[in-house]
Amino acid sequence: MGIRVKILLGFFILAFMLFISGAISIFELTKLSKAVKMMINDSYRSIDYSKQMLDAIERQERLILFQLGNEQAENKVCFDNIAGEFKMNLDSARANLTFKDEVVLIDSIAINYTLFEISARNYLEGGHKQLSDYLNEVYPLMLVTSDQIKKLMVLNQRELYESAAFHESSAQRAIMPGLIVILTSLLFTFVFTYLIHHYFVSPIISLTKGINDYVKYRKPFKVTLETKDELWSLKESIFNLIDASKQE
């Protein structure tokens, strides 16, 4: 194998290894970034849906209490409108599932809210409403529903924090293949440098010294090379040139 081919092959291998390391790191980090970004966005949306549901059920509670001292038909209309908002956010949360535990909580919220809504409507539509009736029949169902909504919010907040921690640790794992290839490339660079020195630089130094010794001190031109390449051909040409000069 010629010197030019050896050098070009060495640099090609080095460049290829560095390219592979960069490509792997970029691919892993890009894939990880997209996955974590999607997870974080879904968690934020679920938290917002939970806040909207919690706000809706609190407004319904205020309407019920307001109805005690000021019975108006429009309160029932407002209650129905808020119920529509609640169910819309509940459906959005169901369509935005990120973690498996969310399914159980959302189903529980749906069931408990249905019970609360039925009890609240009966209370609003019934006559002679008493605060004790509200506290015994409606308020416990509202508390259970609110508690389930808060659990859903806490779940997404916790998962959001864990996603950030996972992103940090995964980012470190993602760059490991690149670091390994870079370290391997550095090792290859040292080996390649040694081979260049051993098979290219050292033979040239030996040839130069052999020529100088022959010219200055008339020492026999004796240079040993390990490989048969362009430098070996150069050595043979120098040897032939010296023989030709002796014959003259």
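Using my numbering, count along the sequence shown one by one with no gaps and you end on 549. All C-beta atoms, glycine included, are put in the ideal place defined by N, C-alpha and C. Bear in mind that the values here come from a model prediction, so they are computed numbers and not experimental data.
Within 10 angstroms of the Cβ of residue i, are there 16 or more other Cβ atoms? Answer buried if so, exposed if not.
i: SER538; result: exposed
i: SER447; result: buried
i: ILE348; result: buried
i: PHE312; result: exposed
i: GLN431; result: exposed
i: VAL502; result: exposed
i: ILE358; result: buried
i: PRO441; result: exposed
i: LYS536; result: buried
i: MET340; result: buried
i: PHE380; result: buried
Does the beta-carbon distance from residue i to residue j come in below 7 Å?
i: VAL439; j: ALA421; result: yes
i: ASP402; j: LEU333; result: no
i: LEU416; j: LEU453; result: no
i: ASN376; j: LEU366; result: no
i: GLN368; j: LEU425; result: yes
i: GLU362; j: MET443; result: yes
i: LEU461; j: SER344; result: yes
i: LEU542; j: PRO504; result: no
i: ILE327; j: ARG360; result: no
i: LEU508; j: VAL524; result: yes
Measuring straight from C-alpha to C-alpha, what distance separates residue i and residue j?
i: LEU310; j: TYR500; result: 14 Å
i: LYS388; j: PHE400; result: 20 Å
i: ASN371; j: TYR414; result: 25 Å
i: LEU391; j: LEU319; result: 50 Å
i: ASP544; j: VAL516; result: 13 Å
i: ILE419; j: VAL337; result: 40 Å
i: SER409; j: TYR350; result: 15 Å
i: LYS451; j: GLN353; result: 11 Å
i: PHE522; j: VAL306; result: 28 Å
i: SER486; j: ASP530; result: 26 Å
i: ILE483; j: GLY323; result: 9 Å
i: ARG395; j: VAL404; result: 7 Å
i: THR331; j: GLN449; result: 36 Å
i: GLU386; j: ARG346; result: 16 Å
i: ILE314; j: HIS498; result: 18 Å
i: GLU527; j: LEU488; result: 24 Å
i: ASP514; j: LYS520; result: 6 Å
i: ILE321; j: TYR495; result: 23 Å
i: GLY427; j: ARG459; result: 42 Å
i: VAL378; j: ILE325; result: 59 Å
i: LYS510; j: PHE317; result: 37 Å
i: LYS547; j: THR490; result: 44 Å
i: LYS335; j: SER433; result: 53 Å
i: TYR518; j: ILE506; result: 17 Å
Scan the segment 470 to 545 and note each continuous alpha helix (DSSP H) run of 4 residues or more that stays entirely inside, going in chain order. 503 to 518
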